[in-house]
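For the sequence shown, the tail end lands on 262 under numbering that gives the first Met the number 0, and the numbers increase by one without skipping.
Beta carbons: idealized from backbone N, C-alpha and C, even for Gly.
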Amino acid sequence: MTDRLRAALLIAPALAVFLAFFLVPLGQLAVAGGAGGYAAILAEPRYLRSLGSTLLVAAATTAITLVVATAVGLFLARARFRGRATLLALLTLPLAFPGVVVGYLVIMLAGRQGLVAEVSMALGGERIVFAYSLAGLLLGYVYFSIPRTLLTVMAAAEKLDPRLEEAARSLGASSFGVLRDVLLPGLAPALTAAGAICFATATGAFGTAFALASRIDVLPMVIYTEFTLQANLAVAAALSFILGLATWAVLALARGASGGAAA
């Protein structure tokens, strides 16, 4: 058996799965939109606004998640103290929750009968409710995204050579200088990959949006409405293809920026 034939036999199952579950359905999705579906998206401002809102929420989720997860991840990767394992388990607890449960938790916190509303009323002020707004959706996405990013940052931070930090400090670098010139460059590939996955997850998250996005339009909810309630299959297919294309573009850019380290 020649090497080429052996390679072809090994790659054939993966190629079959790729064609059956990715390339063919994606091609059908793109065609199902038709010229009418894509034209309707361009003609209807609501669709474009929902796309903008989706990308805005995903970008904000990614930025907040990276800042929080980097700070906490560096601390947990360097520090050893009693209760560290328990704290890490609590921080990664959202991994066990589906998106709709995360949305329900946000409602319990900031909904009409939530903790924030009850406390604000008890203090003599107005009932503060933001669970169903852009802020509530952003909170749910960040809560859902931090554990994955945190674990990625910790894994990358534990591989950094601590002698580089010691050398920088011995040369007079401040804590901020060490963070800027040593830690962040060392973590850059992991942060890029984690940020890309975080962005992709936020753009397509449905369960959390289903529970919280009653006052704003995000693309997963618009697609669901067009498909199930309006039976507008062409627009739903076109929106789905555009959403997938935008997410793929971000992942491709992240992979290029990280030198191929991003998924």
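Quick one: is residue i buried, meaning 16 or more other Cβ sit within 10 Å of its Cβ, or exposed?
| i | result |
| --- | --- |
| Asp180 | exposed |
| Ala199 | buried |
| Pro219 | buried |
| Glu157 | exposed |
| Pro44 | exposed |
| Phe298 | A question about residue 298 goes unanswered here, because the residues of the chain that appear run from 0 up to 262. |
| Ile10 | exposed |
| Ala192 | buried |
| Thr61 | buried |
| Thr85 | exposed |
| Gly26 | exposed |
| Ala262 | Confidence at Ala262 is low in this model, with a pLDDT of 44, below 50, so the placement of that residue is unreliable and no value is reported for it. |
| Gly35 | exposed |
| Gly139 | buried |
| Ser264 | There is no way to answer for residue 264, as the model of the chain reaches only from 0 to 262. |
| Leu89 | exposed |
| Ala201 | buried |
| Ser251 | A quick correction: the sequence has Ala, not Ser, at residue 251. Exposed. |
| Ala15 | exposed |
Hey, how far is the Cα of residue i from the Cα of residue j?
| i | j | result |
| --- | --- | --- |
| Val152 | Tyr142 | 16 Å |
| Gly194 | Pro93 | 18 Å |
| Leu104 | Ala253 | 31 Å |
| Ala189 | Gln112 | 40 Å |
| Gly203 | Leu242 | 8 Å |
| Leu73 | Ala57 | 24 Å |
| Ser115 | Leu122 | A small fix is needed here, since residue 115 is Val in this sequence, not Ser. Spanning the two alpha carbons is a distance of roughly 11 Å. |
| Ala154 | Leu186 | 10 Å |
| Gly206 | Glu164 | 42 Å |
| Ala31 | Ala13 | 26 Å |
| Arg48 | Ile127 | 26 Å |
| Ala7 | Ala248 | 29 Å |
| Leu41 | Ile222 | 15 Å |
| Val71 | Phe80 | 14 Å |
| Gly33 | Ala39 | 10 Å |
| Leu228 | Phe96 | 27 Å |
| Glu87 | Leu183 | In the sequence as displayed, the identity of residue 87 is Leu instead of Glu. When rounded, the distance between both Cα atoms is 22 Å. |
| Thr91 | Leu18 | 35 Å |
Residues in its own chain within less than 7 Å of residue i by CB, not counting five upstream and five downstream?
| i | result |
| --- | --- |
| Leu28 | Ala236, Ser239 and Phe240 |
| Phe129 | Ala109 and Gly135 |
| Phe226 | Leu232 and Ala235 |
| Ala210 | Val99, Gly102, Tyr103 and Ile106 |
| Leu4 | none |
CB-CB under 6 Å to residue i, same chain, minus the five flanking residues each way: which ones, in chain order?
| i | result |
| --- | --- |
| Ala167 | Val177 and Val181 |
| Ala245 | none |
| Ala212 | Leu136 and Met220 |
| Thr69 | Val152 |
| Leu263 | Past the edges of the chain, shown from 0 to 262, lies residue 263, and the structure says nothing about it. |
So, at 8 Å on beta carbons, what are the nonlocal neighbours of residue i in its own chain, with the 5 sequence-adjacent residues on each side left out?
| i | result |
| --- | --- |
| Ala260 | Confidence at Ala260 is low in this model, with a pLDDT of 49, below 50, so the placement of that residue should be treated as unreliable; the coordinate-derived value is given next. Hits under 8 Å: Pro188, Ala189, Thr191, Ala192 and Arg254. |
| Glu125 | Ser119 |
| Ala76 | Val152, Met153, Ala156 and Glu157 |
| Ala208 | Gly98, Gly102, Leu136, Val217, Pro219 and Met220 |
(request) Report the residue ranges of all alpha helix (DSSP H) runs contained in full by the region 201-230; include only those spanning at least 4 residues, in chain order. (result) Counting only runs of 4 or more, we get 206-211 and 218-223.
(request) Specify whether the region 98-109 and the region 167-187 touch according to this definition: at least 3 beta carbon pairs, one from each stretch, less than 8 Å apart. (result) no
(message) Which complete beta strand (DSSP E) runs does the region 83-156 hold, if anything under 3 residues is left out?
(response) none
(message) Whether or not the region 142-150 and the region 51-71 are in contact is what I'm after, with contact meaning three or more pairs of Cβ atoms, one per stretch, closer than 8 Å; do they touch?
(response) Enough Cβ pairs lie closer than 8 Å, so yes.
(message) Three or more C-beta pairs under 8 Å: does that hold for the region 212-226 against the region 50-63?
(response) yes
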